[in-house]
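Residue numbers (the numbering used here): 935 to 1247.
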Ligand code: R5P
């Protein structure tokens, strides 16, 4: 289907990433005013023609998540009312995803609620990176392109030439992703089983696999409070692993005690992407890999009606 010219617009959540995407595409961000009324309500106005355009609105649903979500919805509403030809929400970090099912009676499924809100606002398609759970794609009745940051991490780690390492899933939810990394790096896999003891807290109960004397490499989709990761690293060191773990995570939420926990000397390096802006207090051992080239290439392909699958397999 034919659309007008490609136009990129950025919300307030991650402007540096949006600017980098624009550079990769050799274009500039479209002009949009994002302001607040005195009472805190959000005001949006596009300051250039949007009629018929193939619009890509870049907004991560990171802190402050409610503000950023609402801003995205309002930006989409304004574009729809301005007769944009097609609207793609580029959501490098899809927040509210961890409630993707009911674990107890009378709970919400916020991953689905956010999908419904986006569709109601007028989003035609979604481009995102490392959803917390693949099934969230199914919450949408519009196309979703789901990119993976895995190649960024595996290429980076391969260049380190780590010998005597083991890829460790920090909990059972991380097994699939960790197995993929282990296969890519041709390393063995181990698993730390953890029991959830609170909304944000887990406790290691068992380490399965050969970790003694090995350098642990852990990969997560999200580091929020860093409890899962540091709990796993602690258990690994107790089981004889080298106290020099490498930790990778696509989305560096870094809330609450995260930075304090990641400061532990047993963690040598924390490798994350820029789907969320770098935390201003992050120490030098937090290294950021850019997801901009990947997102830019996906945007180029979506606009050109070319296959995106090569980028997410
Ligand atoms: C959970 O299911 C996720 O994959 C992460 O393990 C979790 O969200 C990380 O949270 P935290 O850093 O607070 O342990």
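Backbone N, C-alpha and C define an ideal beta-carbon position, used for all residues, glycine too.
Bear in mind that the values here come from a model prediction, so they are computed numbers and not experimental data.
Skipping 5 residues on each side, what residues in its chain have a beta carbon closer than 6 Å to that of residue i?
| i | result |
| --- | --- |
| residue 943 | 964, 966 and 991 |
| residue 1142 | 1125 |
| residue 1151 | 1099, 1101 and 1180 |
| residue 1018 | 984, 987 and 989 |
| residue 941 | 964, 987 and 989 |
Go to residue i, then tell me how far its alpha helix (DSSP H) extends in each direction, as first and last residue.
| i | result |
| --- | --- |
| residue 1251 | Look at the range of the chain in this structure, 935 to 1247, and you will see that residue 1251 is not part of it. |
| residue 1010 | 999–1015 |
| residue 1169 | 1161–1172 |
| residue 1109 | 1109–1119 |
| residue 1234 | 1226–1237 |
| residue 1270 | The structure shown does not extend to residue 1270, since the chain is modelled only from 935 through 1247, so no value can be given for it. |
Heavy atom of the ligand R5P less than 7 Å from the Cβ of residue i, yes or no?
| i | result |
| --- | --- |
| residue 1107 | yes |
| residue 1132 | no |
| residue 1032 | yes |
| residue 1205 | no |
| residue 1213 | no |
| residue 1158 | yes |
| residue 1163 | yes |
| residue 1104 | yes |
| residue 1155 | yes |
| residue 997 | no |
| residue 1066 | yes |
Taking residue i as part of the beta strand (DSSP E), name the residues at either end of that continuous run.
| i | result |
| --- | --- |
| residue 973 | Element bounds for residue 973: n/a, residue is neither H nor E. |
| residue 961 | First-last for residue 961: undefined, no H or E at that position. |
| residue 990 | 988–992 |
| residue 912 | A question about residue 912 goes unanswered here, because the residues of the chain that appear run from 935 up to 1247. |
| residue 1081 | 1078–1081 |
| residue 1089 | No beta strand (DSSP E) contains residue 1089, which is instead part of the alpha helix (DSSP H) from 1084–1094. |
| residue 1138 | 1136–1142 |
| residue 1069 | Premise fails: residue 1069 is in no beta strand (DSSP E) and is neither H nor E. |
| residue 1223 | 1220–1223 |
| residue 1148 | Careful: residue 1148 lies outside any beta strand (DSSP E) and carries neither H nor E. |
| residue 1126 | 1123–1130 |
Identify which residue in the options has its Cα closest to the Cα of residue i.
| i | options | result |
| --- | --- | --- |
| residue 947 | 984, 1025, 940 and 974 | 1025 |
| residue 1031 | 1214, 1221, 1010 and 1067 | 1067 |
| residue 945 | 968, 937 and 1193 | 968 |
| residue 1157 | 1081, 1194 and 981 | 1194 |
| residue 1176 | 1064, 1148, 962 and 1043 | 1148 |
| residue 1207 | 1118, 1090 and 1073 | 1090 |
| residue 1069 | 1045, 1003 and 1092 | 1045 |
| residue 1185 | 1139, 1210, 1088 and 1008 | 1210 |
Just checking: is the beta-carbon of residue i within a distance shorter than 8 Å of some beta-carbon in chain D?
| i | result |
| --- | --- |
| residue 1036 | You won't find chain D in this structure, because it holds only one protein chain. |
Hey, would you say the C-beta of residue i is under 7 Å away from at least one heavy atom of the ligand ADP?
| i | result |
| --- | --- |
| residue 1108 | As presented, the structure is devoid of the ligand ADP, carrying the ligand R5P as its sole ligands. |
Residues in its own chain within less than 8 Å of residue i by CB, not counting five upstream and five downstream?
| i | result |
| --- | --- |
| residue 1071 | 1065, 1078 and 1080 |
| residue 1056 | 1010, 1011, 1013, 1014 and 1021 |
Between which residues of its own chain and residue i is the CB-CB distance below 7 Å, once the five residues before and five after are set aside?
| i | result |
| --- | --- |
| residue 1104 | 1126, 1152, 1154, 1162, 1163 and 1166 |
| residue 1197 | 1217 |
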